[in-house]
Each structure stands twice: as C-alpha cells, then as structure tokens.
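Colleague: Residue numbers for the sequence shown follow the working numbering, beginning at 597 and rising by one.
Quick reminder that beta carbons are idealized off the backbone N, C-alpha and C, glycines included.
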Amino acid sequence: MRKETLVVPPGTIDVHAHYFPRDAPPVEVIAGFPRAPRLVVDSTAEGRLVRGSEDFRSVRRALWDVEARLADMDRAGVGVQVISPVPVALEYGAPAAPFAAYCRWMNESIARAVEAANGRLVGIGTAPVASPRDCLSELRYLSEVLGLRGVEIGTRINGMELDDPALGYFFDAVDSLGLAVLVHPIDGGGGAVRRSGFTYDFGLGMPSDTALAATALVFGGVLDHHSGLRVATVHGCGTFPWAYPRLRLGAHLAATHLPDELDRLVSRLYADTLVFDPAHLPNLVHRFGPNRVLLGSDHPFIPGQPEEGIADLSSMAAHLPPGTVPRILRDNALEFLGLSPGALVTAHFSPTKEDHNGTY
C-alpha cells in the first residue's frame, strides 16, 4: 500500500453518495450467496441492480463509472464525494463466509474507485457486522490496507438494534481504529411503519427507521460508552430531530436519563442535509449544532441532487448562525472523516490474490 497526501480540490464535500462495482462478485460469493446483489449493465448509460434473478432497481452510469460520477460532481460544484455501498448490499443475514468475501470484494472495489478519482473520492466501506471474527478482520483491512475512512452500517444488524450488547465489539473496534460510521436504513425502513408500499416506505419508513437507530445510539448508551465515536445518520437523521424533545421529556418523566446529558449525546451525532425542504435545515442545525450537519445527496439516486441541496443551504444562510454554511459544505465533513483541514489521505491500492484470499 502507498499513501499520498493530496490537497482537497476546491468546492463542497458530499458525504452521502453510493457506489456499486461493475465487475461480478467472486465465484465463492455466488456459490454460497446466490442472492448477492450485483450489477447488470444494459447500455452505456443504464444498468440494473439484481438479487438472484430478481431486479431490484434501475441505476444510472454514475453509480459504477468514475468518470461519469466526476462529471456529475463538476456540474454540481462538488469537489469531493464520499462513496459508500448501496444499502441493498448490507445483507447481514447472508451466510457468513460468502458475505465476508462479498464485503471484501466491495471494499476493494471502492478502494479502486477512490484511486481512479485522484483525490476526489473518499471511500466508506462495509463489514460483516453480524460475524464478529470476520467483521474485526475486515475493519482492520479496510482501514489499514485499503485506506477507507469509515464503514456504513444498517439501522439494525440482522434484527439487532444498534444498542444490543452483542454489537459492543463493533463499536469498540471502530472507536479504536478511528473509523467514521455512516448509518443508513435498509429495505424501505424494515417495518418501522404499519403501511406498505413505496410511498410509505420511502416517505415514512426510512426516516422512522433512522430515528429509531439514532434513539438506540443516544438512549441505549452507545455514544456514552464510546467517547471517540463519530457517527453520521443520513436523511437528516429521519424523524429524530422533531421527535427528540418528546423523547427527552419522556426520559425525564421516567427518570431514565438526565436531560442535559441527553443533549450532550445528541450534539455528538452528525446528520446530513437530505431533507428536501430548506425550512427543515435550521432545525437540523438547532438540534445537532452547526458543526454536526453535513451535505448529503444520495447521488446518483435522487433527481436534482446535490444541486438542489446546495441551493437550499444557500437560501437559508441568513437563518443560520454565521459561518454555518461553509462548515456544512466542507469543514464538518473533514472532521467526521477524521481528516485534517486542507488535506486528504487516500490509499493507492492494487489487491493481489494473496491480499484477497488471506486474512488480515
């Protein structure tokens, strides 16, 4: 592995964007995990994510093509983008060994995309969190060999809430390694609401699921027990910013938590700006603080993003504390990723057969 220090290109940093490799998963993955999500490219501009023989969704070229992604970033004025796996890849219930190999394949693919972008992409990987031995090995590998800056996880891990004691080893590891954690809902909210269908899954399920994950982190002791942990939640932390005052009062009435202590823990969470309404942005800043809000776009899935998100921020600048917008567009992302201002450390990595098959 070779590391270089590169100057971050001018412009904003988008922390919530997804990537999926064009090459096929390894043979051992397909043999033991036939429903492993994979990409089928139908034309120069379009493709499909599939699970087994079932189509999951249609996708744009920028999902797998670095040059197309960089062109989108240029049009939007984005200098650096943080790429993470498409959440459908977080298949924690899959057989352990094939899923560990799948995570390795995904992480190495992300590292290659980062290298190809010459400093304009930062990688966040994945890990088989439900399998402690495989997870710990992969976290060290993605951090120390591939140079990825963090790990994306679901709002639940194979049915476990994020404050389940069985997941303590994971948060111990990422805290020790200094990895950022990006929390993302899976499968439309995982049953967080009682109505079904895309409108409800997208509009209520995912935000509610994210809020439940944030509640586990704050009220379940995860943040309290890991002082160095850096955790970001997508989609503006879902419904949590609006529900928190009631949660706080409930905890006070039930005598389970001290209000001031809860406020301190909430102020440690990061949340992105993907809320689709500029009027919501001041509440994000009020809830988490001007140093904890990050630009997020869900690129390349949401039409009009990140351009509309950047415009929304600009339109609300007068309603936010002075200096907040530049922090959201750049500085907060550097802090979340554990990078020093003005510098980006990227790994240039070419995996060998020994790297892929061995343990680290």
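Please look up how many angstroms separate the CB atoms of residue 784 and residue 768, rounded, as I've assumed it's under 8 Å.
Modeller: Contact flag wrong, Cβ pair sits at about 30 Å.
Colleague: Pick out whichever of 815, 706 and 828 has its Cα sitting closest to the Cα of residue 845.
Modeller: Nearest C-alpha to residue 845: 815.
Colleague: Measuring straight from C-alpha to C-alpha, what distance separates residue 937 and residue 610?
Modeller: Approximately 15 Å between the Cα atoms of the pair.
Colleague: Closest to residue 656 by CA distance: which of 920, 928, 926 and 899 is it?
Modeller: Per the Cα distances, 899.
Colleague: DSSP beta-bridge partners for residue 729?
Modeller: According to DSSP, residue 729 bridges with nothing at all.
Colleague: Among 697, 666 and 748, which residue has its Cα nearest to the Cα of residue 711?
Modeller: Out of 697, 666 and 748, 666 has the C-alpha closest to the C-alpha of residue 711.
Colleague: Round the Cβ separation of residue 633 and residue 684 to the nearest angstrom and send it over; I've been treating them as touching at under 8 Å.
Modeller: So it is a contact: roughly 5 Å between Cβ atoms.
Colleague: Between residue 901 and residue 851, what straight-line distance do the alpha-carbon atoms span, to the nearest angstrom?
Modeller: So the two alpha carbons sit approximately 43 Å from each other.
Colleague: Between 919, 686, 832 and 847, which has its C-alpha nearest residue 548's C-alpha?
Modeller: The structure shown does not extend to residue 548, since the chain spans only 597 to 956, so no value can be given for it.
Colleague: Which whole-angstrom value describes the C-beta separation of residue 836 and residue 806, a residue pair presumed to lie in contact below a C-beta threshold of 8 Å?
Modeller: Their Cβ separation, rounded to whole angstroms, is 7 Å, which keeps residue 836 and residue 806 in contact under 8 Å.
Colleague: If we require 3 or more residues per run, which beta strand (DSSP E) segments fall completely within the segment 749-808?
Modeller: As far as the segment 749-808 is concerned, its whole beta strand (DSSP E) runs of at least 3 residues are 776-780.
Colleague: Using only the alpha-carbon positions, how far apart do residue 649 and residue 626 sit?
Modeller: Those two C-alpha atoms are separated by around 12 Å.
Colleague: What did DSSP end up calling residue 898 once you bin it into helix, strand or coil?
Modeller: Residue state, collapsed to three classes: coil.
Colleague: How far does the alpha helix (DSSP H) with residue 739 in it extend, from its first residue to its last?
Modeller: From DSSP, residue 739 is part of no alpha helix (DSSP H); its letter is neither H nor E.
Colleague: Would you kindly report the start and end of the unbroken alpha helix (DSSP H) that includes residue 872?
Modeller: Run containing residue 872: none; DSSP gives neither H nor E here.
Colleague: Is residue 800 near residue 829, with beta carbons less than 8 Å apart?
Modeller: No.
Colleague: Mapping DSSP to helix, strand and coil, what is residue 688?
Modeller: In the structure shown, residue 688 sits in coil (DSSP, three-state: anything other than H, G, I, E or B).
Colleague: If you draw a straight line from the C-alpha of residue 619 to the C-alpha of residue 637, how long is it?
Modeller: In a straight line, the C-alpha of residue 619 is about 10 Å away from that of residue 637.
Colleague: Should residue 953 be labelled buried (16 or more other beta-carbon atoms within 10 Å of its own) or exposed?
Modeller: Here residue 953 scores only 40 on pLDDT, less than 50, and its place in the model is too uncertain to base an answer on.
Colleague: For residue 625, name the three-state secondary structure that DSSP assigns.
Modeller: If DSSP states are grouped into helix, strand and coil, residue 625 belongs with the helices.
Colleague: Quick one: using the 10 Å Cβ neighbour count with 16 as the cut-off for buried, is residue 601 buried or exposed?
Modeller: Summary for residue 601: the model assigns pLDDT 44, below 50, so the residue's position carries little reliability; its value from the coordinates is reported in the next sentence. Exposed, because fewer than 16 other Cβ atoms sit within 10 Å of the Cβ of residue 601.
Colleague: Sorted by chain position, which residues of the same chain lie with C-beta nearer than 8 Å to residue 759's C-beta, five sequence neighbours on each side aside?
Modeller: Result list for residue 759: 812, 813, 815, 816, 817 and 818, in chain order.
Colleague: For residue 607, which residues in the same chain have their Cβ closer than 7 Å to its Cβ, ignoring the five residues on either side in sequence?
Modeller: The answer, listed in chain order, is 673, 674 and 675.
Colleague: Is it buried or exposed, residue 925, if we count other Cβ atoms within 10 angstroms and call 16 or more buried?
Modeller: Per the 10 Å Cβ criterion, buried.
Colleague: Hey, quick one: how far does the alpha helix (DSSP H) through residue 910 stretch, first residue to last?
Modeller: Where residue 910 is concerned, the enclosing alpha helix (DSSP H) stretches over 903-911.
Colleague: Do residue 709 and residue 679 come within 8 Å of each other at the CB atom, strictly closer than that value?
Modeller: Cβ atoms of residue 679 and residue 709: closer than 8 Å.
Colleague: Ignoring anything shorter than 3 residues, give me the beta strand (DSSP E) runs that lie fully in the segment 691-728, in order along the chain.
Modeller: For the segment 691-728, whole beta strand (DSSP E) runs of length 3 or above, ordered along the chain, are 717-721.
Colleague: Short check: CB of residue 958 to CB of residue 886, under 8 Å?
Modeller: Lying outside 597 to 956, the shown extent of the chain, residue 958 is not represented and no answer is given.
Colleague: Are the segment 771-785 and the segment 722-729 touching by the rule of at least three beta carbon pairs closer than 8 Å?
Modeller: They do not touch, by the three-pair rule.
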